[in-house]
Amino acid sequence: MKFETQAIHAGQDPDPATGAVMTPIYQTSTFAQQGVGRHRGYEYARTGNPTRTALETCLAALEGGRHSLAFASGMAATDTVLRLLAPGDHVVAGRDVYGGTYRLFERVLKTFGLEFTYVDTTQLTEIESALRPNTRLLWLETPSNPLLRVSDLHAVADVVHRARPGAWMAVDNTFATPYLQRPLELGADIVIHSTTKYLGGHSDVVGGAIVVRSDEIRERLAFLQNAVGAVPGPMDCFLVLRGIKTLAVRMDRHGENAARVAEFLASQPKVERVIYPFADSHPQHELAHRQMRNGGGMVSFTLRAGAEAAVRVVERTHVFTLAESLGGVESLIEIPAAMTHASTAGSPIAIEPGLIRLSVGLENVDDLIADLDQALGDE
Ligand SMILES: Cc1ncc(COP(=O)(O)O)c(C=O)c1O
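Counted the way our numbering counts, the sequence shown spans residues 500 to 878.
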């Protein structure tokens with residue numbers, strides 16, 4: 500079945516007990532057993548819950564994977580992937596990953612003996628020269644957060660797997676979603692999501708997910724999911740599932756609106772630089788057109804007047820809300836260096852203070868452009 504159909508139906512057959520068309524929220528912590536160790540597939544809700552199973556089945560189908568595991572947040576999903584490694588293992592990671600991912604790597608996982616090297620994953624030679632004999636994982640985002648750099652998934656997978664057979668390539672597909680790009684089909688071993696973003700789509704839930712093809716990795720991740728326990732509740736799984744049903748139409752509109760907003764910003768003399776993967780000015784726009792269905796809903800830009808002017812602009816918008824996060828129906832604006840990526844301040848991967856990041860929502864695009872126009876004011 501095609502993507503839109505799977506988004507609405509995969510894992511979501513009418514409830515066998517009642518015929519309920521929408522997946523029930525199984526708000527229970529435990530399940531009755533017919534005899535000791537004899538049950539209907541569910542024992543205790545940390546290990547499994549039918550609402551979570553529906554979400555996991557749907558996500559696996561959408562990413563072209565075989566297995567998915569849902570988590571309480573994107574960070575919990577990321578942490579669980581890294582727990583596949585052991586002290587002394589080395590990770591090559593993208594230089595502009597989400598600030599919280601960098602914080603987890605540097606301030607939590609390093610203390611458990613993992614080693615990290617950060618590279619520009621758009622440059623295959625940088626990846627190649629960062630690989631060490633103990634490299635077990637390559638971690639990247641494309642488009643990256645917040646610089647929207649686009650990495651060639653097929654080429655990166657080739658480099659990593661050829662140089663380090665047995666090492667895994669993990670892709671944080673939060674910005675693109677499986678509607679725009681499917682990393683597993685391009686050679687990645689592991690996909691992770693913050694379902695808080697486009698998959699949930701309505702800024703009303705925090706969640707995460709991992710999708711894989713390998714039965715062996717799935718077994719190890721399922722063990723960790725249960726042993727560590729960072730699982731989502733059934734209500735949260737239901738909200739993400741409900742969001743996913745409209746993912747395709749939302750992503751089409753996010754892409755259309757963001758392209759128009761990027762075009763408007765590029766036409767403004769006050770704007771110094773606009774970053775949007777499908778814009779001709781983007782260094783990897785040809786790759787983006789090959790790899791992604793549209794350019795996505797995220798746009799970043801800087802002003803000629805600098806960082807202080809950027810702060811004034813984000814505080815002057817009315818339709819764009821000044822807030823962290825992204826991927827909801829409503830448009831958001833922020834300064835990554837001071838907000839989402841504050842944890843990278845002072846580090847080699849710090850984001851320039853004047854960069855403004857937009858999550859372009861589903862409002863009428865004329866209102867979005869008018870709002871940015873007035874906010875740019877006299878800067
Ligand atoms: C690309 C990306 N990955 C992961 C995360 C972390 O997800 P969560 O906030 O759901 O823990 C975020 C959050 O902003 C993100 O933008």
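The C-beta atom is built at its ideal place from N, Cα and C for all residues, glycine as well.
Asked                                                                                                            : Found
When E542, G732, V520 and E755 are compared against V798, the one with the closest alpha-carbon                  : E755
Where E807 falls, given that 16 or more other Cβ within 10 Å makes a residue buried                              : exposed
Unbroken beta strand (DSSP E) run spanning G742, endpoints                                                       : Run containing G742: none in the beta strand (DSSP E); it sits in the alpha helix (DSSP H), P733 to I743.
Range of the contiguous beta strand (DSSP E) that encloses M668                                                  : W667 to D671
Whole-angstrom C-beta distance between M838 and A675, which should lie under 8 Å                                 : Not confirmed; about 22 Å, so no contact.
Near ligand 1: F674 beta-carbon under 7 Å from a heavy atom                                                      : yes
Integer-rounded CB distance, given that V690 should sit under 8 Å from G564                                      : 7 Å
Length of the line joining the Cα atoms of H784 and A758                                                         : 13 Å
Status (buried if at least 16 other CB within 10 Å, exposed otherwise) for V770                                  : buried
Nearest-angstrom beta carbon gap, A761 and A778 [assumed within contact, 8 Å]                                    : 5 Å
Beta-carbon spacing of E625, V658 below 8 Å                                                                      : no
Collapsed DSSP secondary structure at F763 in the structure displayed                                            : helix
Cβ-based burial, R663 [other Cβ within 10 Å; buried from 16]                                                     : buried
Neighbourhood of L698 by C-beta, 7 Å cutoff - its chain only, sequence neighbours within 5 removed               : T676, H692, V739, G742, I743 and L746
CB contact flag (I832, L857, <8 Å)                                                                               : yes
Stretch pair the region 555-569 + the region 527-544: three plus CB contacts closer than 8 Å                     : no
L603 in three-state terms, based on DSSP                                                                         : helix
Assigned exposure category for S780 - 16 Cβ within 10 Å defines buried                                           : exposed
CB contact below 8 Å: P847 versus chain B                                                                        : No chain B is present in this structure, which holds just one protein chain.
Under the three-state DSSP convention, the category H781 falls into                                              : coil
Close-in-space but distant-in-sequence residues of the same chain around I507 (CB under 8 Å, 5 per side omitted) : K744
Any alpha helix (DSSP H) of 4 or more consecutive residues that is wholly inside the region 773-829              : 784-790 and 806-813
Straight-line gap, L639 to V704 (C-alpha atoms, nearest Å)                                                       : 24 Å
From V535, L568 and N633, residue whose alpha carbon lies closest to that of L723                                : L568
G540: CB within 7 Å of a non-hydrogen atom of ligand 1                                                           : no
A841 beta carbon less than 8 Å from that of G573                                                                 : no
DSSP-derived helix/strand/coil call for R635                                                                     : strand
Sequence-distant residues of its chain with Cβ nearer than 8 Å to T529 (five each side left out)                 : E542, Y543 and A544
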